[in-house]
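**Student:** Just so we're on the same page, the numbering used here is the position in the sequence shown counted from 1, plus 20.
Here a beta-carbon is modelled for each residue, glycine too, at the ideal position from N, C-alpha and C.
The structure's right below; bear with me while I get my questions together.
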Amino acid sequence: MSTNKSIDFFERQFRNQSSEAALQLNPFESAVLPYLRGKVLDFGSGMGNLAFAAAARGCAVTALDASPAAIGHIASRAADERLPVLAQCADLRHHHLADDYDCIVSIGLLMFFDRPTALRVLGELQDRVLAGGIAAINVLIEGTTYLDMFDPSGHCLFAPDELNRRFAGWDVLHSTLQCFDAPNASLKRFVTIVARKPPGR
21 MSTNKSIDFF ERQFRNQSSE AALQLNPFES AVLPYLRGKV LDFGSGMGNL AFAAAARGCA
81 VTALDASPAA IGHIASRAAD ERLPVLAQCA DLRHHHLADD YDCIVSIGLL MFFDRPTALR
141 VLGELQDRVL AGGIAAINVL IEGTTYLDMF DPSGHCLFAP DELNRRFAGW DVLHSTLQCF
201 DAPNASLKRF VTIVARKPPG R
C-alpha cells in the first residue's frame, strides 16, 4: 500500500479489472484516439486501453502510471500482442520527462494532484509536445460532488474554463464538458480538451 489514498484506490480497482468490459475505451479515450499519431505519451495510462488502441493504429506509445498492477498488465499485454507499448511505473507528481512527443495524453489524472503540482505538471506536458503536435487533457472540474477516490491532502478541481485558458494560443480541436451520475446521488463533471501546439512554441 502507498501513502496516497488515490493511488491505493486505483491499485485495488486495477487489480480487479481483467474482464473484457473493463478493457474497453471510455468515452474520453474514444474521443481522443482519432487525434493520436506518431510518438505518443500516455501520462496516467491506467490499464493501457488507450495506449493499445493507439499502438494498433501505428503509434509508438510510452505508458506511465503509478499503479504497479496496471503497469504489470500493460507490459505483459504488450509482449503477448507484440505491440509498441513501453510501460513504466512512476510517481507522476514528480516524474521528469526527458523526451518530446508528437502527442501527449493525460486523461483523468491531474485532479489527483494538489493544485500547484497539477498546474506545474500540465505546463511540463505542454512543453514536451512538439510543435504541431497534440495535447489531450481530461480533468474533473468544479461542481463534482463524487470525491471518494481523492486523497484529502492532495487533489484539486479545475475551473470549467481553466483548460481552455491554459491552452490559449493553441489550436483547440476538441473541447467538451460532460456530466455523469455517480454513487449516492453524486455527480462527476469533466472537461476534455484536444489542442494542437502552434509552430515555433
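Can you give the Cα-Cα distance for M21 and D201, rounded to whole angstroms?
**Tutor:** Low per-residue confidence applies at M21: pLDDT is 49, beneath 50, and the placement is therefore not dependable, though the value from the model is reported in the following sentence. M21 and D201: Cα-Cα distance of roughly 29 Å.
**Student:** Just curious, the beta strand (DSSP E) that R216 is in, first and last residue?
**Tutor:** Element bounds for R216: 206-216.
**Student:** Taking Cβ to Cβ, would you say S206 is nearer than 8 Å to I157?
**Tutor:** Taking 8 Å as the Cβ cut-off, S206 and I157 do not qualify as a contacting pair.
**Student:** Within a Cβ cutoff of 6 Å, which residues of the same chain sit near R97, ignoring the five residues on either side of it in sequence?
**Tutor:** Excluding sequence neighbours, R97 sits near nothing in its chain.
**Student:** Name the DSSP beta bridge partners of A202, please?
**Tutor:** Paired residue(s): S206.
**Student:** Straight-line CA distance for Y166 to F210?
**Tutor:** Those two C-alpha atoms are separated by around 12 Å.
**Student:** If you draw a straight line from the C-alpha of A41 to the C-alpha of A188, how long is it?
**Tutor:** Since pLDDT at A41 reaches only 48, below the 50 mark, its modelled position is unreliable, and no value is offered.
**Student:** Would you kindly report the start and end of the unbroken beta strand (DSSP E) that includes N158?
**Tutor:** Residues 149-160.
**Student:** Between the beta-carbon of G174 and the beta-carbon of D134, is there less than 8 Å?
**Tutor:** In contact: G174 and D134 (Cβ atoms closer than 8 Å).
**Student:** Buried or exposed: where does N204 fall if 16 or more other Cβ atoms within 10 Å of its Cβ makes it buried?
**Tutor:** Exposed.
**Student:** When you compare the segment 111-128 with the segment 45-62, are there three or more beta-carbon pairs, one atom per stretch, that lie closer than 8 Å?
**Tutor:** Yes, they touch.
**Student:** Tell me the start and end of each unbroken alpha helix (DSSP H) in the segment 39-71 that is at least 4 residues and wholly inside, in chain order.
**Tutor:** Counting whole runs of 4 or more residues, the segment 39-71 contains the alpha helix (DSSP H) stretches 47-52.
**Student:** Note down, in chain order, each residue of its chain lying with its Cβ closer than 7 Å to the Cβ of P219, except the 5 sequence neighbours on either side.
**Tutor:** Excluding residues within five positions, the ones whose Cβ falls inside 7 Å are A151, G152.
**Student:** Can you tell me whether A155 is buried or exposed, with buried defined as 16 or more other CB within 10 angstroms of its CB?
**Tutor:** Under this definition A155 is a buried residue.
**Student:** Quick check on the DSSP output: what are the complete alpha helix (DSSP H) runs of length 4 or more inside the segment 82-145, in order along the chain?
**Tutor:** As far as the segment 82-145 is concerned, its whole alpha helix (DSSP H) runs of at least 4 residues are 88-101.
**Student:** Three-state secondary structure (DSSP) at I27?
**Tutor:** With a pLDDT of only 49 at I27, under the threshold of 50, the placement of this residue in the model should not be trusted, and no figure is reported.
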